[in-house]
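**Student:** Residues in the sequence shown are numbered from 30 upward in steps of one, following my numbering. All C-beta atoms in this analysis are idealised placements derived from N, C-alpha and C, irrespective of residue type, glycine included.
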Amino acid sequence: MASRVGCTEVVARQMVEVLMEEGLSDGNDIVLQGFGTFRPWKQSFRAGRNPRTGESCPIAPRTSVRFKVGKNLLRAMNKR
Numbered sequence: 030m031a032s033r034v035g036c037t038e039v040v041a042r043q044m045v046e047v048l049m050e051e052g053l054s055d056g057n058d059i060v061l062q063g064f065g066t067f068r069p070w071k072q073s074f075r076a077g078r079n080p081r082t083g084e085s086c087p088i089a090p091r092t093s094v095r096f097k098v099g100k101n102l103l104r105a106m107n108k109r
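1) Ordered along the chain, which non-local residues of its own chain (more than five positions away) have a Cβ less than 6 angstroms from that of L101?
2) In the DSSP assignment, the alpha helix (DSSP H) including Q43 goes from what residue to what residue?
3) Give the straight-line distance between the Cα atoms of E38 and S85, rounded to the nearest whole angstrom.
4) Got a sec, what are the start and stop residues for the beta strand (DSSP E) K97 sits in?
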C-alpha cells in the first residue's frame, strides 16, 4: 500500500491505525468499499476453560471486531 500511494510504510501504518482507532472506538462501522466492513460487537460474559488444566474460568465481557469481506476482495481471492 505504501509504495502504491507514494508514502513510507510508517506513514501508511499510522493512517490505518488512526482509521481503525477513530472509527471503531466510537462504535461506528468502518466500510472500505469493495474491501469489506469492520463492525464492533459486544461479547457477553461467558464461561471458558483453561486448555492446559481443563479448569473453568470466567471470560469478562468485551468489545470485539467482526469483518465481512467485500465483493471485490472476494472476487480477487477466487480468481482462477
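**Tutor:** According to the structure shown:
1) Note that residue 101 is Asn in the sequence shown, not Leu. Its chain contains G63 as the residues whose beta carbon lies nearer than 6 angstroms to that of N101, once the 5 sequence neighbours on both sides are disregarded; these appear in chain order.
2) Element bounds for Q43: 38-54.
3) Straight-line measurement puts the Cα of S85 at about 43 angstroms from the Cα of E38.
4) Under the DSSP assignment, K97 falls in the beta strand (DSSP E) whose first and last residues are 91-98.
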